[in-house]
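Residue numbers (full-length UniProt numbering): 1 to 361. Glycine included, C-beta positions come from ideal geometry on N, C-alpha and C. Beneath this line is the structure, given in structure tokens, with notes to follow.
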């Protein structure tokens, strides 16, 4: 029987979000209904509200979430009622050319729930990243549920669902940071600081955090950065080279998503070094680089989508590290809020006051 629950809905481009009653259908084949316990406020949700991702309003926002499976549909075997799960927005198909080649983190046919959640009048909602977790309950594809140890705090665990996994994965999976490497991270918001943590976990010897905000740089220091550069007062390429013996970093992670910071990343890496773009650019942005420099510097220019993660592999492992005290996910939770506070959380995020506001239900 369909259920009526509260959800945070964006009705139109740039309009303030509000709490509305949404209708969650019973799960169909391959689907699950999850009772949401916590959901982080991510920049992607703000992009949806601002029309930066699409115009399929109204949107049911929220996607960085953890909760408990309430019910499952026909054919679902990987999770069941009562399981504590982190939601992910890349349910792999298992059958596309990437999956068949043993690279499911590149899956080209990820999927969401087939049914739609709606408003009371029947208007279909577009769930953010196929999840829509600023709600008491949400309907997702069962493959979007990754079972993890229930001893983990929902507020911390849910952050693996997007931003923290994106940053950690950019360092560990995409950048292949190794022991003794030098790493620079440009942009130290939630994703960038997660990349700092990932570099530390991977054993990097030197981790250089770059930002224009001293508050974010102080947080980066706490999370494992060995050096910080405020690029308002220092030229970042020169500073990174100076801190790496004049050579540049082995891996540079660009967590801003702008042409000018990408160029900084390109020139701040060592010869044959790696650039990882994890910051999300907007559609109109263009990049110009001398092709001879691309050829002559060698190395690799990579993009990291969701940290090249495989949720079934990475989420349980990272939760285990968290429970062992080796991965401080709690450090990313700046504040816990209620559903009614999401609009104010967007403002705090824009002002750089938080790593993450987390809605706790």
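Residues bridged to residue i (per DSSP)
i: residue 111; result: 91
i: residue 211; result: 230
i: residue 71; result: 33
i: residue 357; result: 335
i: residue 304; result: For residue 304, which the question treats as bridged, DSSP gives no partner whatsoever.
i: residue 119; result: 22
i: residue 266; result: Residue 266 pairs with nothing; no bridge assigned.
i: residue 253; result: 185 and 276
i: residue 65; result: 39
i: residue 84; result: 68
i: residue 124; result: 118
Residue from the options whose Cα sits closest to the Cα of residue i
i: residue 130; options: 87, 248, 300 and 316; result: 87
i: residue 11; options: 31, 46 and 28; result: 46
i: residue 42; options: 163, 113 and 265; result: 163
i: residue 68; options: 147, 27 and 21; result: 147
i: residue 185; options: 272, 264 and 210; result: 210
i: residue 255; options: 304, 314 and 235; result: 304
i: residue 31; options: 48, 143 and 55; result: 143
i: residue 247; options: 270, 231 and 237; result: 270
i: residue 278; options: 238, 259 and 327; result: 259
i: residue 249; options: 77, 273, 190 and 264; result: 273
i: residue 334; options: 313, 243, 318 and 360; result: 360
i: residue 60; options: 289, 14 and 126; result: 126
i: residue 111; options: 119, 101, 90 and 122; result: 90
i: residue 136; options: 298, 7 and 300; result: 7
i: residue 51; options: 75, 15 and 21; result: 15
i: residue 281; options: 302, 344, 301 and 257; result: 257
i: residue 318; options: 149, 99, 29 and 100; result: 149
i: residue 49; options: 77, 17 and 21; result: 17
N- and C-terminal bounds of the beta strand (DSSP E) containing residue i
i: residue 271; result: 269-277
i: residue 128; result: First-last for residue 128: undefined, no H or E at that position.
i: residue 3; result: 3-10
Close Cβ partners of residue i (< 7 Å) along its chain, the five nearest in sequence each way excluded
i: residue 151; result: 323
i: residue 348; result: 354 and 357
i: residue 80; result: 69 and 72
i: residue 159; result: 40, 64, 329, 332 and 356
i: residue 109; result: 93 and 96
i: residue 309; result: 105, 165, 169 and 173
i: residue 287; result: 259 and 262
i: residue 139; result: 24, 25, 27, 31, 33, 113, 115 and 117
i: residue 133; result: 36, 39, 62, 63, 65 and 87
i: residue 336; result: 155, 358 and 360
i: residue 217; result: 188, 209, 211, 228 and 230
Contact set for residue i: own chain, Cβ-Cβ below 6 Å, skip 5 residues either direction
i: residue 25; result: 2 and 115
i: residue 226; result: 206 and 207
i: residue 204; result: 177, 181 and 183
i: residue 311; result: 88 and 146
i: residue 154; result: 37, 38 and 66
i: residue 285; result: 259
i: residue 194; result: 164, 167 and 168
i: residue 244; result: 182
Delimiting residues of the alpha helix (DSSP H) encompassing residue i
i: residue 294; result: 291-297
i: residue 241; result: 236-242
i: residue 79; result: That residue, residue 79, is in no alpha helix (DSSP H); it is neither H nor E in DSSP.
i: residue 318; result: 311-323
i: residue 343; result: 342-350
i: residue 99; result: 97-100
Contact with chain D by residue i, beta-carbon distance below 7 Å
i: residue 308; result: No chain D is part of this structure, which consists of one protein chain only.
Task: Uninterrupted beta strand (DSSP E) stretches inside the segment 134-207 (no shorter than 3 residues) - done: 137-141, 145-147 and 182-186
TODO: Return the chain-ordered ranges of every beta strand (DSSP E) run that is complete within the segment 13-59 and spans a minimum of 3 residues.
DONE: 18-24 and 31-40
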